[in-house]
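Residue numbers (my numbering), protein chains in the order written: chain A, 5 to 341; chain B, 121 to 387; chain C, 2 to 316. Every residue gets a Cβ at the ideal spot worked out from N, C-alpha and C, and that includes glycine. Quick caveat: nothing in here was measured; it's all calculated off a predicted structure. Only one structure is covered here, and it is reproduced in the block below.
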Amino acid sequence: MAQDSFSVKTNLPLTLPSRTVRIWRERVIAGVLFLAAISSVLTTLVIVYILFSETVIFFEKVMEVDRVSLWEALVEFFTGTDWSPLIEPLGIGILPLLAGTLTTCFVGLCVAVPLGTIAAIYLSEFAPAKVREILKPILEILAGVPTVVYGYFALLVITPVLQKIILGVQKFLLPGRNEWDYFQLPGFNMLGAGIAVGLMVLPYVCSLVEDALQAVPLELREGSYAMGATRIQTALNVLIPAAISGIAAAYILGFSRAVGETMIVAVAAGLQPKFTFNPFEAAATTTAFIVSVSLGDLPHGSFEYQSIFAAGIMLFFATLFMNVLGYFLSRRYREVY
Amino acid sequence: MVKPTEEAVVTQQEPLRKLAEVRDLNFYYGRTQALKNINMPIYEKKVTALIGPSGCGKTTLLRCFNRMHDLYPGNRYEGQILLGVDQPRNLLEMDPIEVRMQIGMVFQKPNPFPKSIYENIAYGLRVRGIKDRALLDEVVERSLRNAALWDEVKDRLKEPGTSLSGGQQQRLCIARALATDPEIILFDEPTSALDPIATVSIENLIVELKEQVTILIVTHNLQQAIRVSQFTAFMYLGELVEYNDTMSIFTKPVEQKTADYVSGRFG
Amino acid sequence: MVRNPKLIAVLHNPIAIAESIQQRKRWEQFFILLGWFSLLVALLTLVVLVADLLIRGWPLLNLKFLLSPPSSDPEEAGILTAWVGSLLVILVTIVVAVPLGIGAGIYLEEYAPKNWLLDFIEINITNLAGVPSIIYGLLALGFFVYILKWGESILTAGCTLALLILPVVIVTTRESLRAIPVGIREGAYSVGASRWQTIFDHVLPYSMGGILTGIIVGISRAIGETAPLITIGALTFITFLPEAPIKGEFPYISFNWLWSPFTVLPIQMFNWVSRPQEAFQINSAAAGVVLLVLTLLVNSTAIYLRYRFRKSIKF
Numbered sequence: 005m006a007q008d009s010f011s012v013k014t015n016l017p018l019t020l021p022s023r024t025v026r027i028w029r030e031r032v033i034a035g036v037l038f039l040a041a042i043s044s045v046l047t048t049l050v051i052v053y054i055l056f057s058e059t060v061i062f063f064e065k066v067m068e069v070d071r072v073s074l075w076e077a078l079v080e081f082f083t084g085t086d087w088s089p090l091i092e093p094l095g096i097g098i099l100p101l102l103a104g105t106l107t108t109c110f111v112g113l114c115v116a117v118p119l120g121t122i123a124a125i126y127l128s129e130f131a132p133a134k135v136r137e138i139l140k141p142i143l144e145i146l147a148g149v150p151t152v153v154y155g156y157f158a159l160l161v162i163t164p165v166l167q168k169i170i171l172g173v174q175k176f177l178l179p180g181r182n183e184w185d186y187f188q189l190p191g192f193n194m195l196g197a198g199i200a201v202g203l204m205v206l207p208y209v210c211s212l213v214e215d216a217l218q219a220v221p222l223e224l225r226e227g228s229y230a231m232g233a234t235r236i237q238t239a240l241n242v243l244i245p246a247a248i249s250g251i252a253a254a255y256i257l258g259f260s261r262a263v264g265e266t267m268i269v270a271v272a273a274g275l276q277p278k279f280t281f282n283p284f285e286a287a288a289t290t291t292a293f294i295v296s297v298s299l300g301d302l303p304h305g306s307f308e309y310q311s312i313f314a315a316g317i318m319l320f321f322a323t324l325f326m327n328v329l330g331y332f333l334s335r336r337y338r339e340v341y
Numbered sequence: 121m122v123k124p125t126e127e128a129v130v131t132q133q134e135p136l137r138k139l140a141e142v143r144d145l146n147f148y149y150g151r152t153q154a155l156k157n158i159n160m161p162i163y164e165k166k167v168t169a170l171i172g173p174s175g176c177g178k179t180t181l182l183r184c185f186n187r188m189h190d191l192y193p194g195n196r197y198e199g200q201i202l203l204g205v206d207q208p209r210n211l212l213e214m215d216p217i218e219v220r221m222q223i224g225m226v227f228q229k230p231n232p233f234p235k236s237i238y239e240n241i242a243y244g245l246r247v248r249g250i251k252d253r254a255l256l257d258e259v260v261e262r263s264l265r266n267a268a269l270w271d272e273v274k275d276r277l278k279e280p281g282t283s284l285s286g287g288q289q290q291r292l293c294i295a296r297a298l299a300t301d302p303e304i305i306l307f308d309e310p311t312s313a314l315d316p317i318a319t320v321s322i323e324n325l326i327v328e329l330k331e332q333v334t335i336l337i338v339t340h341n342l343q344q345a346i347r348v349s350q351f352t353a354f355m356y357l358g359e360l361v362e363y364n365d366t367m368s369i370f371t372k373p374v375e376q377k378t379a380d381y382v383s384g385r386f387g
Numbered sequence: 002m003v004r005n006p007k008l009i010a011v012l013h014n015p016i017a018i019a020e021s022i023q024q025r026k027r028w029e030q031f032f033i034l035l036g037w038f039s040l041l042v043a044l045l046t047l048v049v050l051v052a053d054l055l056i057r058g059w060p061l062l063n064l065k066f067l068l069s070p071p072s073s074d075p076e077e078a079g080i081l082t083a084w085v086g087s088l089l090v091i092l093v094t095i096v097v098a099v100p101l102g103i104g105a106g107i108y109l110e111e112y113a114p115k116n117w118l119l120d121f122i123e124i125n126i127t128n129l130a131g132v133p134s135i136i137y138g139l140l141a142l143g144f145f146v147y148i149l150k151w152g153e154s155i156l157t158a159g160c161t162l163a164l165l166i167l168p169v170v171i172v173t174t175r176e177s178l179r180a181i182p183v184g185i186r187e188g189a190y191s192v193g194a195s196r197w198q199t200i201f202d203h204v205l206p207y208s209m210g211g212i213l214t215g216i217i218v219g220i221s222r223a224i225g226e227t228a229p230l231i232t233i234g235a236l237t238f239i240t241f242l243p244e245a246p247i248k249g250e251f252p253y254i255s256f257n258w259l260w261s262p263f264t265v266l267p268i269q270m271f272n273w274v275s276r277p278q279e280a281f282q283i284n285s286a287a288a289g290v291v292l293l294v295l296t297l298l299v300n301s302t303a304i305y306l307r308y309r310f311r312k313s314i315k316f
């Protein structure tokens, strides 16, 4: 019996590759996988390199054309209120673009933050399982709608409705005027585009806030219910404070999305830079400016070409800051529990 | 089910008053029946322990008292849990929030809210809409004193409740339950997440608290049941096998199952 | 034990208790209404959006629209070159992003030592996932188009979108790998498998469902992405199809299409929606319907797959 099992053992065909081959195969595989992982870092490096090198050329040209020092050019860039890099004398103040971006984002967040938070609390704490199962995929689908379609929606659905509402409100408040005396919402405006941005960001904020609420341990929920609290009291007094860093991360990441949103604003908010915070006006955002320049023929090395990188670098660092902040905030709420 | 022996009741110094009573209680998680025809009294200002092996339904029974099962769909009660000495009301037919306003609970794992120590205690009053600062101050101090925590935290009431040690957190949770002056406090294995020293302090606290409030405690530690309780119910597979005063359960159990369990033959 | 009569009044007075409960429940009902309202806004957006696209685009929703190249006459203009372009670009995207993303995911989850480098790569990927897509367009313009001199080609577009969806693929790959219990890994190691054999024979197959879902979500995003492609200069009037990838004579396969100029569906839609002539709005709506149906189909496949894999695999 013992001999049998011994002979079976020795008869096992030994087809294993030699030890060195195996070790090297493992090493090569690990190396290839490492290269794949490093590709993301390379992407970032290339982005930073391209943005920086073109922006440097941008400022060199500004210094040359306008005969100013680098310092003056930078001051003009950050504080100037005229952005017209295509016409001489060059207007290189980035503020009009930032104003456009901030205005549309502000309108968007006014829509997305309250609605997204309330919807998330409802889905997480109130909705019966069946309702959740139906609504969550719908929200996911909403998040998957291409943004150019939202742009169409802002231009051809939201704006006409807003125009009618605004005119109607004026006629109601100040009746009996001539038609042309009333304020007409222009066809391109930041309000309509901002609302569309908000609707686009809404499912995103909602699902992040819901994740944060779901991560709150059951003991805290039950502890609050055991004190005689209602569901809404539990949500507002215990769950939200417990999930606060996750919720903050959700808002920041939503804001970052809104800042980077391009197609909606390019279609519906207008392409002319204008220094205004009035959402009823048309103005280009940073992203819309890049699109508007790209729409024309864009000769490599021209000043227009470099100007979109100068605008892009602002966008990149603004969103980088928010993304990293959001990352650490959301990691904190995962660590606490 | 065995009624408490007459002599056991008579030997208590004070007359016993029945504060609550479970009558013919059945409980279902969906289709599975988790509690089968439970009957037992809860005596006022005494500690009643629920013991039994894992999965016997002792925590399920405890959570019926403050209707925690109502938080999840598909749970169903049958029977009665009567609360009150003079005009008993059936807890299972009341609004769950009203029930929980009268019955406190302390959980297995300390679960202070992400708020200051002060606000943790004040929470039960805040949810009732009480904002009177003087009243809140009074309640916070009294509850912390009763939970033997006042001296340790009186200078740091503004600090978060989570900054306390595990044992302190559990006493904070006890103080939180005491703050609303409940009829009964439920303890769900309150020391199983604590170290031995913290366990002693919680046990001492439970013994002291029974002078003021009725306590129902689930424990899987038989020695703990002996140390803190006056009455003990032994449960097995969703049924109440035996209920009696604690000494009798551990020294002269009537049922064979009880004898096997308390002597360590299974569980 | 409570002696303060004021406190007894609020804690034990049945009338006060009943009132407090009633008041709080009313507030709770109000909040539920708010919740419904919020969700209704989201729902209504979807319904109105789809309805408007369908109603406006209805006259053009036929086979001719699908099979005609764009034209300056709105009634003749179709989306043939657009959807063929989308298809080819997505093909390149998949070929680039899938191996790269899965490889990176495997390395980060299974190989990478837990140190500052992993932390750094993690932050980096999170940031890349949140970088505005138009930044990828600038990267592509500066790097692929001018440094590598690939021009405004399908290859450039495919690689750009691949970089764009890479973080999604990496993150979902990691999550699916993480969901595999340690027991399975240890089981494989205990019978003598090497690290790679354990991953390739056991961990990877079991997590394929989740990874597939991530890839599909990424593809759906790539289909709808417009901004980075506009930036590389793709908004041109393309009336001809790229060279076919399969040829009649030897060597039967041609990669010339990789270098051809192209247009894609969302760009075609943007092109039409931004024209002043109202007639093109119909084209735009019709293209929107096709685009929406496409992304919704891909997206719901992902949602369905995730649902199925969650149900079927239990550890």
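The alpha helix (DSSP H) enclosing residue i, as first and last residue numbers
i               : result
N116 of chain C : Per DSSP, N116 of chain C belongs to no alpha helix (DSSP H) and is neither H nor E.
N195 of chain B : Run containing N195 of chain B: none in the alpha helix (DSSP H); it sits in the beta strand (DSSP E), N195 to L203.
V69 of chain A  : R23 to D70
Q23 of chain C  : P15 to G58
G274 of chain A : Premise fails: G274 of chain A is in no alpha helix (DSSP H) and is neither H nor E.
V218 of chain C : L205 to G225
Cβ-Cβ distance between residue i and residue j below 8 Å
i               : j               : result
I107 of chain C : L178 of chain C : yes
L212 of chain A : L243 of chain A : no
T365 of chain C : G148 of chain A : An answer regarding residue 365 of chain C cannot be provided, because it is not within the stretch 2 to 316 covered by chain C.
P141 of chain A : G225 of chain C : no
Q222 of chain B : E303 of chain B : yes
V344 of chain A : L293 of chain C : No information on residue 344 of chain A is available, as it lies outside the stretch 5 to 341 that chain A covers here.
A318 of chain B : G287 of chain B : yes
G224 of chain B : L139 of chain B : no
F307 of chain B : V338 of chain B : yes
I145 of chain A : N300 of chain C : yes
Run of the beta strand (DSSP E) containing residue i, from where it starts to where it stops
i               : result
T334 of chain B : T334 to V338
Y149 of chain B : K138 to Y149
K156 of chain B : T152 to Y163
Nearest neighbour of residue i, chosen from the options [CA to CA]
i               : options                           : result
T163 of chain A : A:V152, A:N182, A:G198 and A:T234 : A:G198
E123 of chain C : C:L167, C:L139 and C:P133         : C:L167
P262 of chain C : C:E153, C:V290 and C:K115         : C:E153
V219 of chain B : A:A233, A:V111 and A:F332         : A:A233
A163 of chain C : C:L129, C:V51 and C:N116          : C:L129
I346 of chain B : B:M225, B:V361 and B:I326         : B:I326
Q188 of chain A : A:G250, A:L195, A:V60 and A:I170  : A:I170
Y372 of chain A : A:L46, A:V79 and A:P89            : Residue coverage of chain A in this structure runs from 5 to 341, which leaves residue 372 of chain A outside it and unanswerable.
L211 of chain B : B:S349, B:N231, B:D301 and B:N186 : B:N186
A124 of chain A : A:I251, A:V72 and A:I256          : A:I251
G210 of chain C : C:V96, C:A303 and C:P15           : C:A303
W258 of chain C : C:V85, C:P60, C:L40 and C:V49     : C:V85
Beta-bridge pairing of residue i - partner residues as DSSP gives them
i               : result
A353 of chain B : B:L170 and B:Y363
M225 of chain B : B:L306
I96 of chain A  : A:W87
R114 of chain B : Only positions 121 to 387 of chain B appear in the structure, and residue 114 of chain B is not among them; the question remains open.
S236 of chain B : B:P280
Test: residue i CB closer than 8 Å to a CB of chain F
i              : result
E64 of chain A : Chain labels in this structure do not include chain F; the protein chains are A, B and C.
What are the complete alpha helix (DSSP H) segments, minimum 4 residues, inside the region 120-179 of chain A? Within the region 120-179 of chain A, the complete alpha helix (DSSP H) runs of at least 4 residues are 133-147, 151-157 and 163-177.
Note down, one range per segment and in chain order, each alpha helix (DSSP H) of at least 4 residues found wholly within the region 178-231 of chain A. DSSP runs (the alpha helix (DSSP H)) wholly in the region 178-231 of chain A: 194-218 and 222-230.
Would you list, in sequence order, the uninterrupted beta strand (DSSP E) runs of no fewer than 3 residues that lie entirely inside the region 104-179 of chain C? Runs found: none.
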